[in-house]
Every structure is written in C-alpha cells, then in structure tokens.
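Below is one structure, written out as structure tokens, with a few remarks after it.
Number of protein chains: 2
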Amino acid sequence: MTLQNKLEELKSYMTIDYGELITNLENFIKEYTKKLDREGVIIGLSGGLDSAVVAALCERALGSDEVLAMIMPEADSKKENVEDAISFARELNIETKLIDITKYLKVIGAHKLFPLNKIPLSKGIKEGIVKKSYKFFEKKDGETPFSTGLSGLSDAKFNSYIKKTNAYYRAKHRIRMVLLYLYGELENRLIVGAANKTEYKIGFFVKHGCDDAADIMPIINLYKTQVRELAKYLKIPSKIIEKAPSPDILPGLNDEETIGLSYESLDLILLALEKGWQTEEISDSFQIDNKKVEYVKNLIEKSEHMRKVYAP
Amino acid sequence: MTLQNKLEELKSYMTIDYGELITNLENFIKEYTKKLDREGVIIGLSGGLDSAVVAALCERALGSDEVLAMIMPEADSKKENVEDAISFARELNIETKLIDITKYLKVIGAHKLFPLNKIPLSKGIKEGIVKKSYKFFEKKDGETPFSTGLSGLSDAKFNSYIKKTNAYYRAKHRIRMVLLYLYGELENRLIVGAANKTEYKIGFFVKHGCDDAADIMPIINLYKTQVRELAKYLKIPSKIIEKAPSPDILPGLNDEETIGLSYESLDLILLALEKGWQTEEISDSFQIDNKKVEYVKNLIEKSEHMRKVYAP
Chain A
29 MTLQNKLEEL KSYMTIDYGE LITNLENFIK EYTKKLDREG VIIGLSGGLD
79 SAVVAALCER ALGSDEVLAM IMPEADSKKE NVEDAISFAR ELNIETKLID
129 ITKYLKVIGA HKLFPLNKIP LSKGIKEGIV KKSYKFFEKK DGETPFSTGL
179 SGLSDAKFNS YIKKTNAYYR AKHRIRMVLL YLYGELENRL IVGAANKTEY
229 KIGFFVKHGC DDAADIMPII NLYKTQVREL AKYLKIPSKI IEKAPSPDIL
279 PGLNDEETIG LSYESLDLIL LALEKGWQTE EISDSFQIDN KKVEYVKNLI
329 EKSEHMRKVY AP
Chain B
29 MTLQNKLEEL KSYMTIDYGE LITNLENFIK EYTKKLDREG VIIGLSGGLD
79 SAVVAALCER ALGSDEVLAM IMPEADSKKE NVEDAISFAR ELNIETKLID
129 ITKYLKVIGA HKLFPLNKIP LSKGIKEGIV KKSYKFFEKK DGETPFSTGL
179 SGLSDAKFNS YIKKTNAYYR AKHRIRMVLL YLYGELENRL IVGAANKTEY
229 KIGFFVKHGC DDAADIMPII NLYKTQVREL AKYLKIPSKI IEKAPSPDIL
279 PGLNDEETIG LSYESLDLIL LALEKGWQTE EISDSFQIDN KKVEYVKNLI
329 EKSEHMRKVY AP
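Same order as they appear, the protein sequences are chains A and B.
For the first sequence, this note's numbering gives the first residue as 29, with consecutive numbering after it.
For the second sequence, this note's numbering gives the first residue as 29, with consecutive numbering after it.
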C-alpha cells in the first residue's frame with residue numbers, strides 16, 4: 029500500500045455518520061440520566077466549542093427544561109466567552125446560573141499564587157506577558173511548558189513561578205467541579221463532562237477538574253476535529269465553532285499555541301498512533317518532523333497518571 | 029466441602045504477611061514518587077485509621093522530611109480527631125498544615141444548606157438530631173439513607189432535606205481535595221489517597237473527593253479489617269486503632285451505624301462475593317439474614333458510577 033493510500037485510509041477513520049452519532053449520544057445521555065435516577069443534568073458552559081456541543085446534545089436528549097448550565101468565569105476569563113455562553117444558553121432556552129469564582133480562588137489562597145495577580149494589570153498586558161513567558165520557557169529539546177508540567181517539576185529550571193501558576197490555574201477547574209456537584213446534588217442532576225478524546229489522550233485538561241471529574245462524558249470518544257464537525261450538524265453558532273479553542277484559564281494562551289500543534293495535525297498523529305503506525309511512517313505521510321511525533325507520544329505517556337489513580 | 033471448611037478457606041484469604049506487605053507498599057510509594065518526578069508527598073490526615081496508616085507508610089517509604097500532612101477540620105469535626113491527627117503527625121515527625129475549611133464551605137454556599145446550620149446548636153444536640161433523623165429515614169425494605177443516597181433521589185420520599193445534606197457534606201471532601209492538590213502542586217508533591225477496599229467497593233466515600241481523587245491509593249486493595257491489622261504492625265497509637273471509624277463529615281454518625289453492618293461482617297460478605305459465593309451460601313455460613321447479603325450486593329451495584337465515569 030502506498031503512503032498516499034495509507035493516508036486516505038487513515039482519514040477515512042475520521043469520517044462518521046453524524047446523524048447516527050447524534051441519535052446514539054442522545055440515547056446515551058437519556059440512558060444514564062434514567063439509570064442513575066436523576067432529574068435532569070447540569071453542565072459547565074464556558075462559551076467554547078466542547079461544552080456548547082455537550083449542552084446542545086443534552087437539550088436534544090432531555091428537552092430544555094431538564095438542562096442547567098453553570099457559567100463560572102473568573103477575573104481573567106474573556107468577557108466574550110461569558111457573553112457567548114449566555115447567548116447560546118438563551119438560544120437553547122436552558123436555565124443558567126452565573127457565578128464569578130474569583131472570590132473562591134481568593135479565599136482558598138489560589139488567586140495570589142499567580143505572579144501577575146500581585147499588581148493590577150490590564151487584561152491585555154497580562155495576556156502579552158503570559159504569551160512571552162510561555163515562549164521563554166519553551167525548551168530547545170522540543171518540550172513545551174505544557175508538556176513539562178504534565179508530570180513533576182523537580183527540574184530546577186522550572187522554578188517556583190511555574191509551580192505557583194500551575195497550582196493557581198488548576199484550582200479554577202477543580203473549584204468549578206465542586207460547584208457543579210454542589211448544585212447537581214442539590215437538584216438531583218447528572219453531572220455531564222465535556223472532555224474530548226484529543227485533550228484526554230494528551231493530558232490537556234485539569235486532573236480531577238470539571239472536564240474529567242463528572243458522571244458521564246458524552247464526547248470523550250471524539251477527536252477535537254470531529255467535535256467541530258459534530259457542532260455544525262448541531263447548528264452551534266458559527267461564532268463558537270470558528271473561534272480559536274482556548275482553555276481560558278490563563279490569559280492569552282489558546283489551545284494550539286499551548287500544545288504547539290494544530291488540532292488537524294494532532295488528531296491525525298493520535299489516530300495514526302492508535303492504529304499502530306510507526307513514527308517514521310507518520311512523519312513521512314504527514315511531512316512533519318519526527319520530533320513532533322515523538323512529542324505527541326511523550327504527551328500520551330506523561331499524562332497517563334491523569335487518566336488513572338495508581339494502586340499497588 | 030463443608031460450610032465450616034469453606035468458611036475457614038475464606039478467612040484464610042484475609043491472612044496476609046504484613047511484613048512483606050509493608051515492604052511492598054513502601055516500594056509502591058517510592059516508585060510513583062520517583063516516576064511522577066515529585067519532591068515528596070502530601071496527605072490529608074483526619075485523625076482516623078486509614079489516613080494514619082497511609083501517613084505511616086509514607087514516612088517509612090520516604091522519610092519524615094518528605095511528608096506533608098494537611099489537617100482540614102470544619103465546624104462539625106470532632107476536636108478529638110484533630111488532636112489525634114496533630115499528635116500522630118508529631119510522633120511521625122512530619123510537617124503539618126492545619127486549615128479550618130468552614131469559611132470555604134460558607135463562601136461557596138454549601139454550609140447554609142445543612143438544615144442544622146440554620147440555628148446555633150451545640151455539637152451534642154446536632155449529633156443527637158442527626159442520629160435520630162438517620163434512623164427515621166431508614167426504610168422498611170432494608171435500605172438505609174446511605175444506600176438510597178448512592179444514586180439519584182428522584183423518589184419523593186427523600187425530600188429536599190436529604191438532597192441539601194448530601195450536597196453539603198460531599199462539598200467538604202471535594203474542597204479538601206482541591207486544597208491537597210493546591211498545596212501539592214505548589215510544592216511538587218504526590219497526592220496520596222487513603223481509600224480502602226471496603227469503602228471503595230460499597231461507595232462509602234465522596235465521589236471525586238479527597239479519598240478517591242488522588243495520584244496513588246496505597247491501601248485500596250486492603251479491606252478495612254486488614255487495614256486495622258496493618259495498623260498494629262505499623263505501631264499506630266491504639267487510641268486511633270480502637271476508636272469507632274467515622275467519616276466525621278456529619279456530626280454523630282460513625283461508619284458502622286451509617287452502613288448498617290459491622291466491618292467484620294461486611295468484609296467477609298464482600299470477600300465471599302468476590303470469590304463467587306451465592307447469597308444463600310453466605311447467609312448460611314455467616315448465619316445472617318439473606319437481606320443483609322442482598323443489601324451489600326445492592327451497595328456494590330448502586331455505587332458503580334462512583335468508580336468510573338461513563339463513556340458512550
């Protein structure tokens with residue numbers, strides 16, 4: 029089989045019957061809401077793609093009366109994302125609860141850990157400093173601050189600034205999880221997570237945070253590029269589909285800059301690895317540097333601990 | 029094989045070489061601290077048995093300098109437990125951080141959910157009311173409020189008081205998890221959970237709370253009665269070994285009252301089920317009511333969702 033043919037075959041795995049998929053996901057959501065005896069679901073709505081897709085699926089599965097969307101920004105969150113979340117929830121006609129979590133981050137002592145919270149800075153200045161610092165910490169051996177932060181940081185080069193920043197931004201998603209469960213349990217709702225396959229495989233999420241610590245994860249078997257396709261079928265507003273994906277937990281960093289790869293490349297590499305391709309085959313087929321493939325393999329390996337709790 | 033012989037065989041499975049076990053668990057802790065590139069570990073110390081055993085194992089594995097114990101009581105926690113935790117940490121010569129989490133529960137709105145927090149009551153009065161309410165909600169079909177609360181609460185008999193109470197006490201363990209990770213990440217420490225096999229199997233823990241949401245779980249393969257044996261080998265103070273195990277999250281309820289079975293019976297039933305015994309065999313051998321065995325099977329089944337996140 030020529031490389032071209034192999035590549036075509038690989039791309040064909042990405043092709044899905046989205047109509048059938050939507051029906052299956054609706055049934056999945058209905059099934060577990062019933063099995064776990066819940067009166068509806070609760071979701072965190074960020075204004076981004078994944079949570080919008082999950083919200084739309086829940087609304088289709090259960091009807092708008094059964095879906096509660098929590099919108100939980102903090103001081104560094106983009107206003108635009110909050111507005112997009114509110115306006116999309118309105119479109120779906122689902123109930124929302126808006127809570128600014130900044131005060132919770134302050135009271136647990138997380139807020140002050142972020143070096144840029146020590147002095148009052150405009151959001152624009154903060155974004156610029158974070159972007160520059162991220163570049164500064166990129167190492168020559170192809171590691172990124174993201175990949176380095178996936179496991180421990182005993183390496184002296186990664187100093188207390190990085191540890192503090194990690195502790196700070198990760199607390200955000202964990203506090204969101206606490207609030208989702210708090211309101212979910214109060215109203216007997218199923219907690220629905222929005223992690224996708226791409227971010228889950230490479231560890232681009234907060235361990236025990238609001239993406240992975242949920243009751244069900246409807247889109248966990250879909251790569252990000254597939255979620256984007258699905259969004260079109262669900263008629264998610266193009267503004268949400270087209271904006272650059274961002275975790276929106278550190279100002280100024282979007283997903284692809286943080287990871288160091290486009291989702292198109294990343295998903296194909298992940299799929300090829302899943303199908304057992306060797307590094308050389310992948311780099312030849314996609315005409316990318318060997319190092320990029322090794323980098324992705326490293327992400328998968330280093331993030332293993334985020335997908336399981338180790339037992340003796 | 030006679031019932032008596034079968035029972036002897038079953039009990040023999042409970043027998044462990046504790047010296048060898050301790051070495052293995054020490055190696056396990058060392059291995060993952062190194063693999064995940066951490067500078068020591070962090071644990072939540074409650075003053076109870078499980079976390080004391082985990083703390084002792086960590087101290088043996090890594091030395092006292094590498095272990096940080098977080099003691100995180102709130103207004104309803106027994107003073108005695110905090111004192112026991114502090115004094116045991118002193119005995120192990122490990123660093124402690126004491127944080128009263130009541131203010132965090134207040135700021136996220138969890139504290140006011142507990143009906144008994146609406147009016148000032150002494151701890152003794154609170155304990156009495158909780159005990160009586162628990163009995164009141166025990167149903168005739170052999171369910172307990174604990175077993176009912178494992179899945180959803182759409183049943184109208186379980187009204188908003190129970191939902192509010194569940195939301196309240198569960199927030200405690202989740203906030204503790206947030207704090208363990210916050211300080212763990214700040215100091216690059218491995219987060220060590222203290223869930224044991226008994227509570228994990230029957231769902232006697234808070235989903236995504238400080239027991240199960242950790243990096244490693246050293247005693248997850250040990251039944252509670254085995255943990256108690258292990259504690260003797262580790263020379264845990266007899267005061268900690270002998271006190272009635274209690275989750276210490278609702279005033280007045282200890283483990284065995286809440287679950288409705290002694291750990292001795294519960295562990296043997298769980299082990300027998302693991303070995304494929306039928307309900308009748310178990311009730312005949314242990315001379316207990318069929319219904320108790322069915323109750324335990326029901327706990328395992330209903331708590332399945334706490335041990336996994338469902339995917340399509």
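The beta-carbon is built from N, C-alpha and C at its ideal position, and this holds for glycine as well.
Does the Cβ-Cβ distance between residue i and residue j come in under 8 Å?
{"i": "Tyr251 of chain B", "j": "Leu298 of chain B", "result": "yes"}
{"i": "Ser92 of chain A", "j": "Asn55 of chain A", "result": "no"}
{"i": "Leu133 of chain A", "j": "Lys192 of chain A", "result": "no"}
{"i": "Val81 of chain B", "j": "Ala259 of chain B", "result": "yes"}
{"i": "Gly177 of chain A", "j": "Arg202 of chain A", "result": "no"}
{"i": "Val255 of chain B", "j": "Asp112 of chain B", "result": "no"}
{"i": "Ile57 of chain A", "j": "Leu85 of chain A", "result": "yes"}
{"i": "Leu64 of chain B", "j": "Gly180 of chain A", "result": "yes"}
{"i": "Ile287 of chain B", "j": "Phe232 of chain B", "result": "yes"}
{"i": "Ser182 of chain B", "j": "Lys330 of chain B", "result": "no"}
{"i": "Pro279 of chain B", "j": "Lys160 of chain B", "result": "no"}
{"i": "Tyr338 of chain B", "j": "Ile244 of chain A", "result": "yes"}
{"i": "Met98 of chain A", "j": "Ile127 of chain A", "result": "yes"}
{"i": "Leu208 of chain A", "j": "Gly72 of chain A", "result": "yes"}
{"i": "Lys131 of chain B", "j": "Val135 of chain A", "result": "yes"}
Using beta carbons (cut-off 8 Å, strictly below), is residue i in contact with chain C?
{"i": "Glu213 of chain A", "result": "Protein chains in the displayed structure are A and B, and chain C is not among them."}
Can you tell me whether residue i is buried or exposed? The criterion is at least 16 other CB atoms within 10 Å of its CB, across all chains shown.
{"i": "Met42 of chain A", "result": "exposed"}
{"i": "Leu294 of chain B", "result": "buried"}
{"i": "Thr253 of chain A", "result": "buried"}
{"i": "Ser311 of chain A", "result": "buried"}
{"i": "Leu3 of chain A", "result": "Because chain A in this structure spans residues 29 to 340, residue 3 of chain A falls outside the shown range and cannot be described."}
{"i": "Arg351 of chain A", "result": "Since the first residue of chain A shown is 29 and the last is 340, residue 351 of chain A is not available in this structure."}
{"i": "Phe142 of chain B", "result": "buried"}
{"i": "Phe164 of chain A", "result": "exposed"}
{"i": "Asp317 of chain B", "result": "exposed"}
{"i": "Glu270 of chain A", "result": "exposed"}
{"i": "Ser274 of chain A", "result": "buried"}
{"i": "Tyr228 of chain B", "result": "buried"}
{"i": "Thr226 of chain B", "result": "buried"}
{"i": "Ala235 of chain A", "result": "Correcting the residue type first, residue 235 of chain A is Lys in the shown sequence and not Ala. By the 10 Å Cβ count, Lys235 of chain A comes out buried."}
{"i": "Arg217 of chain B", "result": "buried"}
{"i": "Ser150 of chain B", "result": "exposed"}
{"i": "Lys336 of chain A", "result": "exposed"}
{"i": "Tyr189 of chain A", "result": "exposed"}
{"i": "Ala241 of chain A", "result": "buried"}
{"i": "Lys19 of chain B", "result": "With chain B covering 29 to 340 only, the question about residue 19 of chain B has no answer from this structure."}
{"i": "Gly212 of chain A", "result": "buried"}
Which of the three DSSP states, helix, strand or coil, is assigned to residue i?
{"i": "Met98 of chain A", "result": "strand"}
{"i": "Val337 of chain B", "result": "coil"}
{"i": "Gly47 of chain A", "result": "helix"}
{"i": "Ile328 of chain B", "result": "helix"}
{"i": "Ile287 of chain B", "result": "helix"}
{"i": "Ile71 of chain A", "result": "strand"}
{"i": "Ala84 of chain A", "result": "helix"}
{"i": "Ser40 of chain A", "result": "helix"}
{"i": "Arg198 of chain A", "result": "helix"}
{"i": "Asn282 of chain A", "result": "coil"}
{"i": "Leu64 of chain A", "result": "coil"}
{"i": "Thr347 of chain B", "result": "Shown here, chain B extends from 29 to 340; a query on residue 347 of chain B therefore has no answer."}
{"i": "Ser105 of chain A", "result": "coil"}
{"i": "Tyr57 of chain B", "result": "Here residue 57 of chain B is Ile; the residue named in the question, Tyr, does not match the sequence. The answer is helix: DSSP assigns Ile57 of chain B an H, G or I state."}
{"i": "Lys303 of chain B", "result": "coil"}
{"i": "Asp312 of chain B", "result": "helix"}
{"i": "Ser274 of chain B", "result": "coil"}
{"i": "Asp317 of chain B", "result": "coil"}
If contacts are defined as beta-carbon pairs under 8 Å, then residue i and residue j qualify, I think. What distance do you get, rounded to the angstrom?
{"i": "Pro173 of chain A", "j": "Tyr162 of chain A", "result": "6 Å"}
{"i": "Val90 of chain A", "j": "Thr61 of chain A", "result": "At residue 90 of chain A the sequence reads Leu, which differs from the Val that was named. Between Thr61 of chain A and Leu90 of chain A the Cβ distance is about 6 Å, and since that is below 8 Å, they are a contact."}
{"i": "Leu38 of chain A", "j": "Ala300 of chain A", "result": "6 Å"}
Report yes if the C-beta of residue i is less than 7 Å from at least one heavy atom of the ligand ZN; otherwise report no.
{"i": "Ile244 of chain A", "result": "For the ligand ZN, the structure offers nothing, since it holds no ligand at all."}
Exercise. Only counting runs of 4 or more residues, tell me where the alpha helix (DSSP H) segments fall wholly within the segment 206 to 265 of chain B, in order along the chain.
Key: Within the segment 206 to 265 of chain B, complete alpha helix (DSSP H) segments of at least 4 residues are found at 225 to 230 and 252 to 261, given in chain order.
Self-check item: Unbroken stretches of the alpha helix (DSSP H), 4 residues or longer, contained in the segment 107 to 193 of chain A
Solution: 107 to 120, 130 to 135, 151 to 165 and 173 to 176, all fully within the segment 107 to 193 of chain A.
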